[in-house]
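Student: In this note's numbering, the protein residues as written are 74 to 619. Note that beta-carbon positions come from the ideal geometry of N, C-alpha and C, so glycine has one too. Computed from a predicted structure; not experimentally measured.
1. If the criterion is Cβ atoms closer than 8 angstroms, does the pair residue 190 and residue 141 meet it?
2. Quick one: Cα of residue 182 to Cα of residue 108, how far?
3. With DSSP as the reference, identify every bridge partner of residue 167, one or two as the case may be.
4. Just curious, the beta strand (DSSP E) that residue 506 is in, first and last residue?
5. Whose C-beta lies closer than 6 angstroms to the C-beta of residue 605 among residues of the same chain, with five residues either side of it excluded?
6. Let me confirm a value: residue 551 is counted as buried when at least 16 other C-beta atoms fall within 10 Å, else exposed. Which label applies?
7. Going by C-alpha distance, which of 236, 371, 157 and 564 is nearest residue 286?
8. Report yes if the C-beta distance between residue 233 and residue 165 is below 8 angstroms; otherwise report no.
9. Is the number of C-beta pairs between the segment 211-218 and the segment 240-247 that are closer than 8 angstroms three or more?
10. Straight-line CA distance for residue 342 to residue 160?
11. Taking a contact to mean a Cβ-Cβ separation below 8 angstroms, would you say residue 266 touches residue 284 in this structure?
12. Have a look at 334, 514 and 520 and flag the residue whose alpha-carbon is nearest the alpha-carbon of residue 530.
13. Rank 96, 407, 486 and 257 by C-alpha distance to the C-alpha of residue 199 and give the top, closest one.
14. Please state whether DSSP places residue 600 in a helix, a strand or coil.
15. Applying the 10 Å Cβ sphere with the 16-neighbour rule, what's the burial state of residue 154?
16. Which word fits residue 289, buried or exposed, when buried means at least 16 other C-beta atoms lie within 10 angstroms of its C-beta?
17. Shortest alpha-carbon distance to residue 136 belongs to which of 411, 114, 389 and 462?
18. Reducing DSSP to helix, strand and coil, say where residue 391 ends up.
19. For residue 306 versus residue 320, is the C-beta spacing smaller than 8 angstroms?
20. Between 474, 405, 397 and 408, which lies nearest to residue 420 when the distance is taken from Cα to Cα?
21. For residue 388, which of 371, 407 and 400 has the nearest alpha-carbon?
22. In the DSSP output, what is residue 568 paired with across the bridge?
23. Using the C-alpha atoms, what's the distance from residue 274 back to residue 560?
24. Use the C-beta contact count for residue 610: other C-beta atoms within 10 angstroms, 16 or more gives buried, fewer gives exposed.
25. Can you tell me whether DSSP reads residue 159 as helix, strand or coil?
26. What do you reckon, are the CB atoms on residue 562 and residue 588 nearer than 8 angstroms?
27. What separation, rounded to the nearest whole angstrom, lies between the Cα atoms of residue 526 and residue 510?
28. Can you give me the Cβ contacts of residue 192 inside the same chain, cut-off strictly under 6 angstroms, excluding the 5 residues immediately before and after it?
29. Given a cut-off of 8 angstroms, decide if residue 595 and residue 432 are closer than it, judged by their beta-carbon atoms.
30. Rounding to the nearest angstrom, what Cα-Cα distance links residue 411 and residue 377 in this structure?
31. Is it buried or exposed, residue 593, if we count other Cβ atoms within 10 angstroms and call 16 or more buried?
32. Going by beta carbon distance, what residues of the same chain come within less than 8 angstroms of residue 366, once the five residues before and after it are set aside?
33. When we look at the beta-carbon of residue 620 and count the other beta-carbons within 10 Å, is it buried (16 or more) or exposed?
34. Between which two residues does the alpha helix (DSSP H) holding residue 588 run?
35. Among residues of its own chain, excluding the 5 on either side of residue 268, which ones have a beta-carbon nearer than 6 angstroms to its beta-carbon?
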């Protein structure tokens, strides 16, 4: 669905000239014409009502085209100058160069560096506007990390940003960002730093300790401070310390202070939060998204399922961490310490090496049996022997050789066959259906291509029997949303293992599928030829995640 939303709410709340209107600019793109859809991209627009109730003035677009982006960006730039607090939420497909990044419109084609500034939404422009609102500006970016949008001089994703002084930036998946915008950022009294951390978002720029962006009582804003600079300095130090003792000390010194209610609320929040010290300790590690992915990969290798390798510590990851901590005699807080990270990584490295050694031993034994069977059947080069070999080892060491020799044999038979036989076979091959091959056998039961027809019927029957399983495996692989760079890394890994995946081009063809099946067979993973989380974690343990 493509829709354009535009809601403008007057800032009737702040009648004093000391207070200007607040502004929220939201673009949520999901339904792309020429790229894979971004799951949850459009959810960002759902936050409009929450911001409007505060009230914020809002400029919102869902599934924005290039025209929509140009119009909304112009409106945002014009209106931001009069705003006090400014929030920008952008979700969808991003590309970046070495100097800038852009949110692509839903009608974008292959990104072109020369035309992007006129068709996409430049992050540099947004940051320039936000830099004029230091301490009062927040940028949320919901990026689909697995997008495949790229072009000459461009790469997928947001890349590195030079965040201006006083601007807060949080990044995460589109759904996580949308939930945070609506359920946390737009809720007065929310402590942003801890809330963003718990939501799995990665922060950069201006990140004060548990800062409250929107006070609970925004309808009656406190007057501008004049002669209470000592209290403000004490409060800033209290917030920086962010401890129960610190807030209690503030209340003791300023029982009727400007932040007394907030200090009491923070004390209650600290007392109510389980494992707070553990959370703060993990937060202090400043784990980026790639590091979180590595942790999830380590947990998966050790059979603690984090329910995804996405760099977001949701309930699945926290549950896996808790279980690992319990089984390793640590306090089960679900938050990691540096020592625990060292232990976890060492265990995963050891287990990965063990799994690879076991797989190599199985591969060697399977290859020994494969070669022995080839010597008994296909090595002689006769058609019967080649077909018997392929029936047992369709992805075997000599599968390509057997198929090539059969092709030569078939071509020879075709040249020798009678014209009527050749014509009937050509019709069957052109149709390439089970019914067509059965028709050939009916017409030519002793024809030159009878064995070929029987073999193809057997292949198709097997394929029909496995159709549901293969379709499910294909859906699972699609849900991994592997971009072309990751696919190339997978092909490189398969090639390094000698599994013959074909061209390393990010395109999974029949050769790639056969290589994946060979890999799965040696590692006792369900053999489908398609990737799932288990296969990717095992396959890429020494390349993507290390």
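Tutor: This is what the structure holds:
1. no
2. 8 angstroms
3. 176
4. Run containing residue 506: none; DSSP gives neither H nor E here.
5. 549
6. exposed
7. 157
8. no
9. yes
10. 25 angstroms
11. yes
12. 514
13. 96
14. coil
15. exposed
16. exposed
17. 114
18. helix
19. no
20. 397
21. 407
22. Answer is none; residue 568 lacks a bridge partner.
23. 26 angstroms
24. buried
25. strand
26. no
27. 5 angstroms
28. 139
29. yes
30. 19 angstroms
31. buried
32. 382, 383, 384 and 618
33. This structure gives no information on residue 620, because the portion of the chain shown stretches from 74 to 619.
34. 583-595
35. 257
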